[in-house]
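Each remark here refers to the structure printed beneath this line.
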Amino acid sequence: VEVLSQRRVVRWTGPGVAHAAVFWGFLILLLTLVERYGALFQRDFALPVIGRWAVVGFLEDLAVVAVLAAVATFGVIRWRRSPSREGRASRFFGSHNEAARFTLAMICVEMVTLLLYRAAQVATGYFPYPDGAFVSEWLGGLLEPLGSDVLDVLEPVAILLSLGVLLAFLVFVVHSKHLHILLAPINVALARRPRALGALLPVHSGGKPVDFDDPGEDDLMGRGKIEDFTWKGLLDFATCVECGRCQSECPAWNTGKPLSPKLLVMALRDHALAKAPVLLAGSDAERAALPADVLAEAERPLVAAPADGGVVDPEALWACTTCGACVDQCPVDIEHVDHVVDLRRHQMLFESEFPSEAGVALRNLEHAGDPWGGGASHRMDWAADLPFPVRVLGEDGEERLPDDVEYLFWVGCAGAFDETAQRTARAVAELLHRADVSFMVLGEAETCCGDTARRMGNEFLFRELARANIETMDAAGVRKIVVTCAHCLNTLGNEYPQFGGSYEVVHHTELLARLVADGRLTPTERVDATVTYHDPCYLGRHNGIYDPPREVLATVPGVRLVELPRNRERSFCCGAGGARMWMDETTGTRINVDRTDEALALSPDLITAACPFCIVMLTDGVGTRRQQGAAAEHVEVTDVAQVLLRSTANSQAAGSQEVEP
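The opening position of the sequence shown corresponds to residue 3 in my numbering, with each subsequent residue numbered one higher.
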């Protein structure tokens, strides 16, 4: 599916179809490779069985035409999108563009010499196909006046030229990005399935997960040297196509940060290849005999400022939001997010080098159990204004969820401590109450799910938080959980099973869409508003949930849903993921402002999302633009659940938050 159908490649219609034409064309033209070698020794050589079928001759000529058309398309694309014309905006910025142009020239020469040999065979009468090869026959008619003396020389010369170009290309391939021709099928076959999004991998050392309860002296904590990467990491680096699709979708790169997923992978690949002679040297004497530049490359720190010779700039490393756009777009299944987090793990756990403001959130997690630092005693403040009591596990002496309780409502740290997210938590609780869905909360027993700690690279802290929550929920007999936070959804549903915590975790929009479809919630009151919806990265790309939020909005009378230009799997990050919620953003444009501008360009009344982190970031973006006079006073940012509640009945809980500068 991935390789033969070129499924991911053709997402980008123009260049994708052109690449598919080259790929499928070369598969067909493998037949001509056998024909050319055979024709060197027997002029009328034909493939067994199929060698004289007109349809085969037609397909071979059609493949040549398709490849030449694709090469012309690539030439136009690379000229129009060249870095010299577009600068950083070009997805080819930083790629080895000279090698790419040389490859296109070689392919063009290969096709021309192939056609020349076939046309010469037609003219001399040795062509195996009686008809069907429309281009070869046409060119053969043009060459026929040259006479047999010239054609008898032209035919073998064209064969030798076409084979020579092909063999030279095979040598060139292993020294360029076109090595992906050989490695991409292997990398795709061995990639994480269904995809390298959602759960992060545990910390691995020596091919197995590290036992944090009893770590060995030689256990690696992340990746501090290029040789620390797993075989899959090194395969990823070598497979990179340098196509720049990851770079063109990266929110950090698109807002002026130094991080480009493509350039990161290229830097790691180039460093690995340059350091390889040192790693492969069998003795100290062999190492000492190596050139000075190779030895200097081996001494480069993996993560350090460019001025200090680092392979990866720390600012680039910590700019990643782990949104997964790079992984989703990569046509050869490179697992960028895994490698970024592995580098962070080493910086965090071994070097203790990380942004200072991230330390505040980590200390709050350690001492208060949440990144806000609110503490367990304030976990239930969000429910104070609800018109009905919220059942809290343990308040009435229950140690386990009663049989009549269908869901544990995981409020999350944002829902408990952030004022805007508290409104969402209240809206969801009231909707569940109206739909007669029985639920309980953990109250003070709930602690952070650990998403922030894990994506910062602090695996120790994440494991402590995860184990505490799993122990609490297993003791309570929890089986089904509803969450309002996309990050909690991902962590509880995808990462807790790594530690024995297996639960059915649903996002609140999934449950609300189901309740509306079943008639247990009926939106009746009109909400006359133009609404746009922002797809949270950890709800959409990481977990494939795109339709339920839209289904909920579609049921609300009066709502006019207008899609953002970048939506669904190509949604642009709000800037909060990867623990960036807790770090300053001082380089380039703020990611949340960039996304807010895209939403405001649609002139909406409501900007909706389905994750508290996104709502915080978009609210801040609207506030920033409002201060600058670029946002209308009536524009509000709110959760999908609040829009639904507003339509089910008049309620104080239904109001969307005011946007403050």
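Beta carbons: idealized from backbone N, C-alpha and C, even for Gly.
Short of 7 Å in beta carbon distance, which residues of its chain neighbour residue 653, apart from the five on each side in sequence? Order them along the chain.
The predicted model places residue 653 with a pLDDT of 40, which falls under 50 and marks its position as unreliable, so this point remains unresolved.
Please report the Cβ distance between residue 22 and residue 36, rounded to the nearest whole angstrom; I am assuming they are in contact, meaning their Cβ atoms lie under 8 Å.
With 8 Å as the limit, residue 22 and residue 36 do not qualify as a contact, their Cβ atoms being about 23 Å apart.
What residue does the alpha helix (DSSP H) around residue 554 start on, and which one ends it?
Unbroken alpha helix (DSSP H) run through residue 554: 549 to 556.
Take the Cβ of residue 324 as the centre, count every other Cβ of all protein chains shown within 10 Å, and call the residue buried at 16 or more, exposed below.
The residue is buried, with at least 16 neighbouring Cβ atoms inside 10 Å.
Give the DSSP-derived three-state secondary structure of residue 164 in the structure shown.
Three-state DSSP puts residue 164 in a helix.
Check the DSSP bridge columns for residue 608 and list the partner residues they point to.
Partner(s): 533 and 638.
Please report the straight-line C-alpha distance between residue 215 and residue 345, rounded to a whole angstrom.
Going from the Cα of residue 215 to the Cα of residue 345 covers about 22 Å.
Do residue 619 and residue 556 have their C-beta atoms within less than 7 Å of each other?
Going by C-beta atoms, residue 619 is not nearer than 7 Å to residue 556.
Determine the direct distance from the alpha carbon of residue 633 to that of residue 2, and round the result to whole angstroms.
Any question about residue 2 goes unanswered here, given that the chain covers just 3 to 663.
At the level of alpha carbons, what is the spacing between residue 460 and residue 61?
About 56 Å.
According to the neighbour-count rule (16 or more other Cβ atoms, all chains shown, within 10 Å of its Cβ), is residue 472 buried or exposed?
It is buried - the Cβ of residue 472 has at least 16 other Cβ atoms within 10 Å.
Going along the chain, which residues of its own chain have a beta-carbon closer than 8 Å to the beta-carbon of residue 16, five neighbours each way excluded?
75 and 79, listed in sequence order.
Looking only at C-alpha atoms, which of 466, 480 and 42 sits nearest to residue 443?
Among 466, 480 and 42, the Cα nearest to that of residue 443 belongs to 480.
What's the call for residue 644, buried or exposed, on a 16-neighbour Cβ count within 10 Å?
Per the 10 Å Cβ criterion, buried.
If I follow the unbroken alpha helix (DSSP H) through residue 137, where does it start and stop?
That run of the alpha helix (DSSP H) goes 136 to 145.
How would you label residue 182, buried or exposed, when you count the other beta carbons within 10 angstroms and need 16 or more for buried?
Counting Cβ neighbours within 10 Å, residue 182 comes out buried, since at least 16 surround it.
Might you give, ordered along the chain, the residues of its own chain that have their beta carbon closer than 6 Å to the beta carbon of residue 562, omitting 5 neighbours on each side?
Answer for residue 562: 532, listed in chain order.
Where residue 108 and residue 270 are concerned, what is the direct C-alpha to C-alpha distance, given to the nearest angstrom?
Their backbone Cα atoms lie some 28 Å apart in a straight line.
What does the alpha-carbon distance come out to for the pair residue 671 and residue 304?
There is simply no residue 671 to check, as the chain begins at 3 and stops at 663 in what is shown.
Looking at residue 417 and residue 384, is the spacing between their C-beta atoms short of 7 Å?
Contact flag set, yes.
Between which two residues does the alpha helix (DSSP H) harbouring residue 264 extend?
Here the alpha helix (DSSP H) through residue 264 covers 263 to 282.
So, under 8 Å CB-CB, residue 359 and residue 586 are touching, yes? Tell me the CB distance rounded to an integer number of Å.
Right, the Cβ-Cβ distance comes to about 6 Å (below 8 Å), so this counts as a contact.
What is the rounded straight-line gap between the Cα of residue 126 and the Cα of residue 112?
Rounded to whole angstroms, residue 126 to residue 112 spans 21 Å at the Cα level.
Do you know whose CA, among 605, 613, 520 and 538, lies nearest residue 425's CA?
Here the closest residue by C-alpha is 613.
Determine whether the beta carbon atoms of residue 571 and residue 543 lie at a separation below 7 Å.
Yes.
For residue 663, is the classification buried or exposed, using 16 other Cβ atoms within 10 angstroms of its Cβ as the cut-off for buried?
Residue placement at residue 663 cannot be trusted, given a pLDDT of 32 that sits under 50; the coordinates are not used to answer.
From which residue to which residue does the beta strand (DSSP E) around residue 410 run?
Its beta strand (DSSP E) spans residues 409 to 412.
Is DSSP giving residue 442 helix, strand or coil here?
In this structure, residue 442 counts as strand in the three-state DSSP scheme.
Taking the beta carbon of residue 139 as the centre, do at least 16 other beta carbons fall within 10 Å, making it buried, or is it exposed?
By the neighbour-count rule (16 or more Cβ atoms within 10 Å), residue 139 is buried.
Going by beta carbon distance, what residues of the same chain come within less than 6 Å of residue 10, once the five residues before and after it are set aside?
Excluding sequence neighbours, residue 10 sits near 333.
Do residue 65 and residue 161 have their C-beta atoms closer together than 7 Å?
Not closer than 7 Å, so no.
May I have the straight-line CA-CA distance separating residue 122 from residue 115, to the nearest angstrom?
About 10 Å.
Using the three-state DSSP reduction, which class does residue 482 fall into: helix, strand or coil?
Three-state DSSP puts residue 482 in a strand.
Under a three-way DSSP split, which group does residue 50 fall into?
Residue state, collapsed to three classes: coil.
Any idea which residues DSSP pairs residue 210 with across the strands?
207, per the DSSP bridge assignment.
Let me check one thing: in DSSP terms, what residues is residue 508 bridge-paired to?
Answer is 484.
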